[in-house]
DNA sequence: GCGATTTATGCACGTTTATGCACGATTGGC
DNA sequence: GCCAATCGTGCATAAACGTGCATAAATCGC
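Residue numbers (my numbering), protein chains in the order written: chain C, 7 to 267; chain F, 7 to 267.
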């Protein structure tokens with residue numbers, strides 16, 4: 007009874023604890039703020055839903071922005087699901103095409119699956135993808151240069167944008183941070199979204215491979231809406247509601263096979 | 007008994023151990039985190055399922071990013087000799103410098119040895135080197151773009167040359183195919199030599215790490231001669247005759263240590 | 001002002017999760 | 001081919017969890 011904090015005050019305090027200690031325990035917080043653990047759990051649940059912390063069994067941890075991990079680390083996450091998406095997406099690339107491969111771990115997976123002898127021209131702004139494609143003798147490889155953005159792992163500066171303006175790709179494989187039928191495709195960083203939008207608008211078709219965790223979410227910055235030019239590749243277990251919503255918006259939707267061929 | 011970690015914290019810690027030590031042992035982790043080995047095994051199993059490590063008898067190993075390129079294969083050739091050269095060469099990079107890193111397996115080795123927190127600007131035309139440098143937070147990274155030359159593994163087109171004309175690096179780490187006091191530095195491919203010459207002429211100093219098999223040889227196309235601006239890094243067992251010849255031409259010569267520090 | 005509605009909280013309940021232990025199967029060195 | 005170390009599985013248990021409901025305070029509508 008000593009301290010009756012307002013809900014908002016309590017949440018603020020929890021956030022401070024999170025930042026200071028790198029973790030919070032539900033039981034400790036309950037004792038300290040003398041409220042029931044149920045209340046603390048509710049708080050943590052709401053904070054997690056708002057993206058302010060990560061809920062774990064027993065308490066919560068600070069959110070590590072997905073961008074904080076490097077691209078090569080992101081590749082390691084859910085590789086078999088990404089591979090399944092990539093197997094489906096890579097089939098869209100036909101001989102003779104000019105294709106833009108944006109940054110993103112799923113696009114790296116796609117690059118690795120390209121047939122070595124397939125005759126295509128591939129443009130990318132991502133060194134890691136370029137390195138992977140160097141192995142493929144059939145691929146004509148063009149790199150967009152300029153200062154590299156470390157968070158994105160690619161060249162997205164004004165320089166790269168100017169180079170991109172000269173392109174007219176047949177296909178553009180876009181990496182995205184969120185995908186929603188209403189909000190469209192979204193990205194975490196402004197400059198990244200700007201770059202993606204520019205390339206997307208110049209491409210004849212858009213291909214976006216979307217892991218299920220990104221479905222129905224929207225990040226801070228809009229790239230483009232979903233329309234007839236979009237080809238969305240979803241995981242086999244993606245909710246049908248999202249699929250129909252995307253199709254209603256005009257997009258073509260492909261379902262990836264299971265993790266193993 | 008010191009601390010009971012949350013599940014997620016434990017897994018994060020295991021991953022750090024993996025990265026730091028290159029392996030983890032189930033028994034050690036159990037003792038250190040004072041949980042049962044069963045729990046550790048469960049963790050490792052789940053992490054392996056998520057592609058975060060590779061499960062082996064007795065513990066786990068880090069996943070090896072499968073990216074094997076021809077350039078990275080060249081790195082695998084005589085790696086300890088190249089590493090010795092690289093260790094000496096990398097010491098020439100001082101905070102605040104702007105450095106050009108040319109293509110070449112030795113230059114890739116140098117890139118990998120750069121201190122993560124060293125504050126430098128690095129320009130490169132090689133995707134693989136850029137990918138390696140992406141991991142270093144202190145490095146400002148600029149990529150030269152354009153069509154990639156598959157034989158060289160780097161961007162050396164007219165486009166990249168025009169971009170390079172805007173540079174004035176403090177140091178230029180040049181890859182070379184032959185090095186001789188009279189013939190100077192030479193390269194196999196015409197366009198490659200052209201590019202290297204352009205960058206070399208614009209740099210304040212030239213650093214060339216030379217494996218002994220290239221000493222006294224000349225390839226088809228000249229890059230530049232040996233002069234006062236050159237710093238040559240030779241292997242410990244390099245013949246003294248070459249060293250004195252290079253010094254007579256005005257170059258500074260550094261001898262690398264043995265394969266192991 | 002006073003009833004209606006919302007909001008925050010606690011409690012009771014059944015469910016899920018993390019963990020350790022027991023036991024039989026597998027592995028790998030010798 | 002043996003033996004100990006290591007492994008996976010099934011099971012038990014306690015802690016943590018979510019949900020539905022009740023209560024009390026705060027807010028709103030009139």
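Glycine included, C-beta positions come from ideal geometry on N, C-alpha and C.
Near chain C, meaning a CB-to-CB distance below 9 Å, the residues of the region 169-183 of chain F are 169. The count of Cβ pairs closer than 8 Å, one atom from the region 102-121 of chain C and one from the region 112-124 of chain F, stays below three, leaving the stretches out of contact. Taking a C-beta cut-off of 7 Å against chain F, the contacting residues of the region 53-66 of chain C are 62, 63, 64, 65, listed in chain order.
Taking 8 Å as the upper bound for CB-CB distance, residue 31 (chain C) and residue 64 (chain C) are in contact here, some 6 Å apart. Taking a 10 Å sphere around the C-beta of residue 220 (chain C), we find 16 or more other C-beta atoms and assign the residue as buried. Per DSSP, residue 113 (chain C) is one residue of the alpha helix (DSSP H) stretching across 111-119.
Under the DSSP definition of a beta bridge, residue 236 (chain C) partners with C:212. Residue nearest to residue 246 (chain F) within the set F:193, F:187, F:191, F:209 is F:187 (criterion: CA-CA distance). At a C-beta separation below 8 Å, residue 115 (chain F) has no neighbours in chain C, since its nearest C-beta there lies roughly 15 Å away.
In terms of CA proximity to residue 99 (chain C), C:144 leads the group C:183, C:144, C:69, C:190.
Annotated as distal: residue 170 (chain C) and residue 152 (chain C), with beta-carbon spacing of 7 Å or more. Contact between the region 202-221 of chain F and the region 102-111 of chain F is established, with three or more Cβ pairs separated by less than 8 Å.
Within the region 128-162 of chain F, complete alpha helix (DSSP H) segments of at least 4 residues are found at 133-139, given in chain order. The alpha-carbon of residue 217 (chain C) is positioned some 41 Å away from that of residue 92 (chain F).
Annotation for residue 249 (chain C): 240, 259, 261 place their beta carbon closer than 8 Å to its own, counting only its chain and skipping 5 residues before and after. In this structure the region 118-127 of chain F does not lie against the region 128-148 of chain C, because fewer than three pairs of beta carbons, one per stretch, are closer than 8 Å. A residue is called buried when at least 16 other Cβ atoms come within 10 angstroms of its Cβ; residue 155 (chain F) meets this threshold and is buried. The count of Cβ pairs closer than 8 Å, one atom from the region 197-206 of chain F and one from the region 174-183 of chain F, reaches three, so the stretches are in contact.
Secondary-structure assignment with DSSP links residue 97 (chain C) through no beta bridge to anything. In the structure shown, the three-state DSSP call for residue 35 (chain F) is helix. Taking a contact as a CB-CB distance under 8 Å, the pair residue 16 (chain C) and residue 39 (chain C) counts as one, their CB atoms being some 6 Å apart. Annotated three-state conformation of residue 258 (chain C) is strand, per DSSP. The three-state secondary structure of residue 20 (chain C), taken from DSSP, is helix. With respect to residue 232 (chain C), residue 202 (chain C) sits apart: the two C-beta atoms are not nearer than 7 Å. For the region 218-244 of chain F, there are no residues whose beta carbon sits under 8 Å from a beta carbon of chain C. Counting the other Cβ atoms within 10 Å of the Cβ of residue 95 (chain C) gives 16 or more, which makes it buried. Around the beta carbon of residue 160 (chain F), 16 or more other beta carbons sit within 10 angstroms, so the residue counts as buried. Counting of Cβ neighbours within 10 angstroms places residue 101 (chain C) among the exposed residues, the total staying below 16. Secondary structure note for residue 165 (chain C): its alpha helix (DSSP H) is the uninterrupted segment 164-170. Spatial neighbours of residue 21 (chain F) in its own chain (CB-CB distance under 7 Å, excluding positions within 5 residues in sequence) are listed in chain order as 58.
For residue 227 (chain C), DSSP records a beta bridge to C:193. An exposed status is given to residue 25 (chain F), since fewer than 16 other beta-carbon atoms sit within 10 Å of its beta-carbon.
Going by DSSP, residue 52 (chain C) is part of the alpha helix (DSSP H) stretching over 43-55. DSSP lists C:65 as the bridge partner or partners of residue 62 (chain C). Residue burial is scored here from C-beta neighbours: residue 18 (chain C) has fewer than 16 other C-beta atoms within 10 angstroms and is therefore classed as exposed. Around the beta carbon of residue 223 (chain F), fewer than 16 other beta carbons sit within 10 angstroms, so the residue counts as exposed.
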